[in-house]
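*Asks:* First the structure, then my questions, so here it is.
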Amino acid sequence: MNLREAQEGTEYIIKKINTNDEELNAFLFSLGCYSGEAITVIAHRKGGCTVSIKDARYNIDNQLAEAIIV
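Numbering-wise, the sequence shown is residues 275 to 344 according to our numbering.
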């Protein structure tokens, strides 16, 4: 399941990041978004969703939300 399908308010563990873009992988890693890390969807929005990673909140677009597998 990806983050677009995840329920709001439920904590998930990231299984993998489904992208071939090394720059994007490095960026997500710098945010603390990598395999084995906990992530919570705070809210689904029209163009993406708001997530919580390591006590920080981020807005991510739908394409990125689909690449994060939980």
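Note that CB positions come from ideal geometry on N, CA and C, so glycine has one too.
In whole angstroms, give me the CA-to-CA distance for A317 and S326.
*Replies:* Against the sequence shown, residue 317 aligns to sequence position 43. Against the sequence shown, residue 326 aligns to sequence position 52. Approximately 10 Å, taken between the alpha carbons.
*Asks:* Going straight from the alpha carbon of K328 to that of M275, what length do you get?
*Replies:* As a position in the sequence shown, residue 328 is number 54, starting the count at 1. As a position in the sequence shown, residue 275 is number 1, starting the count at 1. Computed Cα separation, rounded: 21 Å.
*Asks:* Might you give, ordered along the chain, the residues of its own chain that have their beta carbon closer than 8 Å to the beta carbon of G306, omitting 5 neighbours on each side?
*Replies:* What you label residue 306 is simply residue 32 of the sequence shown in a count that begins at 1. Cβ within range, chain order: I327, K328 and A330.
*Asks:* When you compare the CB positions of I291 and V344, do they come within less than 8 Å of one another, or not?
*Replies:* Numbered from its first residue, the sequence shown carries residue 291 at position 17. Numbered from its first residue, the sequence shown carries residue 344 at position 70. Contact flag unset, no.
*Asks:* Considering only the alpha carbon of each residue, which of T293, N333 and E297 lies closest to T314?
*Replies:* Within the sequence shown, the letter at position 40 stands for residue 314. Comparing Cα positions, the closest option is N333.
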